[in-house]
Amino acid sequence: MIKNQLQNFVTVCDKGIIQILFITSFFLKIFYALTRNIFHSGPDANTFIEMAGDLASEGYFDSSVAGFPIYSPGYPMFLAVNKILFGNIWISSTQVIQSFLTCYSALLAYRIGQHLLNKTLTTAVYILILFHPAFVVLSVSCMYEPVLIYLLILLFKKVFYPGEKNHFFSLLLTSILSILIHPRTIPIIVVILICTIRQSPPKINKWNFVLFVSLNSFFVLIVSMRNYLFSNYFGLAKGVEYGIKFGHPSVGDCSSLSDCLPKGLSQDPLDFTSEMATNLMYFFSPWSGPLERGTWFHNISLYTLLEKEIGEEPVIFVSWFPSVFSVILLIFGFLTAWKKNRDFTVISGLSLVILVATDMLIYGDSRHRLLIIPILYLFQANAIKYVLLNREKNE
179 MIKNQLQNFV
189 TVCDKGIIQI
199 LFITSFFLKI
209 FYALTRNIFH
219 SGPDANTFIE
229 MAGDLASEGY
239 FDSSVAGFPI
249 YSPGYPMFLA
259 VNKILFGNIW
269 ISSTQVIQSF
279 LTCYSALLAY
289 RIGQHLLNKT
299 LTTAVYILIL
309 FHPAFVVLSV
319 SCMYEPVLIY
329 LLILLFKKVF
339 YPGEKNHFFS
349 LLLTSILSIL
359 IHPRTIPIIV
369 VILICTIRQS
379 PPKINKWNFV
389 LFVSLNSFFV
399 LIVSMRNYLF
409 SNYFGLAKGV
419 EYGIKFGHPS
429 VGDCSSLSDC
439 LPKGLSQDPL
449 DFTSEMATNL
459 MYFFSPWSGP
469 LERGTWFHNI
479 SLYTLLEKEI
489 GEEPVIFVSW
499 FPSVFSVILL
509 IFGFLTAWKK
519 NRDFTVISGL
529 SLVILVATDM
539 LIYGDSRHRL
549 LIIPILYLFQ
559 ANAIKYVLLN
569 REKNE
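In our numbering, the protein residues as written are 179 to 573.
Okay, here's the thing in structure tokens:
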């Protein structure tokens, strides 16, 4: 009786600590937003803000809306809804919502981690995500990452640990919103869908599968048709093609992604492969190109200061040490998690491979790694858990 009461008391205390950490992180992000004009500092902020104004006043099916077909419509629409609902305070409301989504992403990672890790490591991962300096900055900047991180971690949660009645329809809505935010999520969603079908028993029946594919395809078609009618471009976002020219100078002038990739691989395979290796480095390394353009992200970047003092090449060399260690820890975490939850390990590994591959083929940036950081931390913590358990056994 006393033991049960103690366990209940500990559980209540644990929940209280989790809630206190959540609230503290949330208000820390709001305080950060109030103390500086950071919303306009995102890499595509000015265009997103202009698109939000056009969408709020003119609507989506108007040829005068700025930014299309370069950008996907999802995040500008999110901003436009905020502008319509909150008027003059729409920027503040967006910062509040994005800060909440980032904190809630950490909470979802915590709940997933309870199935993989012990309480101590799960809480450590939760704290790392809540107070990650980059997440503080991006939560209150005009960037799509806070919304997309939330949607991706929610997809993982709904597929592997559903625990709700309207599981399929919430999964469907999450996948549609993810695709509208950024097209690079499409292969991830395809992999997740295949995984849910192959599970025994399948988590999606054949009729739900048809509905899932049909509705996702419908929204992709609507956006593509809109872009084609007004800009003679059939696709979700043309920015991908600008990205490949930025990440692969060897391709020169090319008209589309289907044109750029074959051209790079056939005409200059060595240069293209070298550029892929550079993009891979940019994805995993804190250094991802000239650091002056990245100071908005860190506010004050240690690597920027080092670059000014000792030069670019030493900074690249120094930045590789935490990157290599991180990758080794990640791989070890995947291997040790395989037996405990094979489906989750496979889908997480494939999602990471997809994100890395798209950066290698288009252009690499350490900012893109943020999309998968909650999952990265979970598997890296799992590697640490394995090491600690084996050390205890040896002792």
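Built from N, CA and C at the ideal position, the CB exists for glycine as well.
Computed from a predicted model, the values in this text were never measured in an experiment.
Contact annotation: Lys-336 and His-345 have beta-carbon atoms nearer than 8 Å.
For Trp-385, the enclosing alpha helix (DSSP H) has its first and last residue at 384–409. The region 214–227 and the region 277–286 do not touch, with fewer than three beta-carbon pairs separated by less than 8 Å. Going by beta carbons, Ile-367 and Gly-252 fall outside the 8 Å limit.
The Cβ atoms of Val-505 and Phe-557 lie no closer than 8 Å to each other. His-345 carries a helical assignment under DSSP once its states are collapsed to helix, strand and coil. In chain order, Phe-246, Pro-247, Tyr-411, Phe-412 and Gly-413 place their CB closer than 7 Å to the CB of Asn-405, counting only its own chain and leaving out the 5 sequence neighbours on each side. Restricting attention to beta strand (DSSP E) runs no shorter than 3 residues, the region 202–237 encloses none.
Around the beta carbon of Val-391, fewer than 16 other beta carbons sit within 10 angstroms, so the residue counts as exposed.
Less than 8 Å separates the beta-carbon of Ile-550 from that of Ser-529.
An exposed status is given to Glu-487, since fewer than 16 other beta-carbon atoms sit within 10 Å of its beta-carbon. In the DSSP annotation of this structure, the continuous segment of the alpha helix (DSSP H) that includes Cys-373 starts and ends at 364–376.
DSSP, reduced to helix, strand and coil, places Phe-510 within a helical segment of the structure shown.
For the 8 Å CB-CB criterion, Leu-484 and Val-496 form a contact. In the three-state reduction of the DSSP assignment, Asn-296 falls in the coil class.
Per the Cβ contact rule, the region 385–400 is not in contact with the region 530–548 (fewer than 3 Cβ pairs under 8 Å). Considered as a whole, the region 493–569 harbours 520–539 as its complete alpha helix (DSSP H) runs of no fewer than 4 residues, in chain order. For Gly-413, no alpha helix (DSSP H) run applies, since DSSP gives it neither H nor E. The straight-line gap separating the alpha-carbon atoms of Val-315 and Arg-569 is approximately 38 Å.
Secondary structure remark: continuous alpha helix (DSSP H) runs of at least 4 residues inside the region 306–343, in chain order: 311–317 and 323–338. Excluding its 5 nearest sequence neighbours in each direction, Ala-561 has C-beta neighbours in its own chain below 7 Å: Leu-507, Phe-510, Gly-511 and Thr-514, listed in chain order. Within the model, the alpha-carbon separation for His-293 versus Lys-384 is close to 28 Å. With contacts defined as CB atoms closer than 8 Å, Ile-331 and Leu-286 qualify as a contacting pair. Around Ser-241, the same chain offers Phe-408 as residues with beta carbons nearer than 7 Å, after the five sequence neighbours per side are excluded. In the three-state reduction of the DSSP assignment, Ser-277 falls in the helix class, which pools H, G and I. In its chain, beyond the 5 residues on either side, no residue has a beta carbon closer than 8 Å to the beta carbon of Lys-517. In this structure, Cys-320 lies near Phe-226, with their beta-carbon atoms less than 8 Å apart. Our two residues, Ser-444 and Tyr-460, have alpha carbons roughly 24 Å apart in a direct line. Cβ neighbours of Pro-324 within its own chain (closer than 7 Å, five residues either side excluded): Gln-276, Leu-279, Thr-280, Leu-316 and Ser-317. Per the Cβ contact rule, the region 219–236 is in contact with the region 252–262 (3 or more Cβ pairs under 8 Å). In the three-state reduction of the DSSP assignment, Pro-361 falls in the helix class. Residue environment for Glu-453: buried (at least 16 other C-beta atoms within 10 angstroms of its C-beta). Here Asp-192 is exposed. Its C-beta has fewer than 16 other C-beta atoms within 10 Å. Within the same chain, Val-303, Leu-556, Ala-559, Asn-560 and Lys-563 come within 8 Å of Leu-295 by CB-CB distance, once the 5 residues on both sides are set aside.
Spatial neighbours of Gly-421 in its own chain (CB-CB distance under 8 Å, excluding positions within 5 residues in sequence) are listed in chain order as Ile-540 and Tyr-541. Contact annotation: Phe-522 and Phe-338 have beta-carbon atoms nearer than 8 Å.
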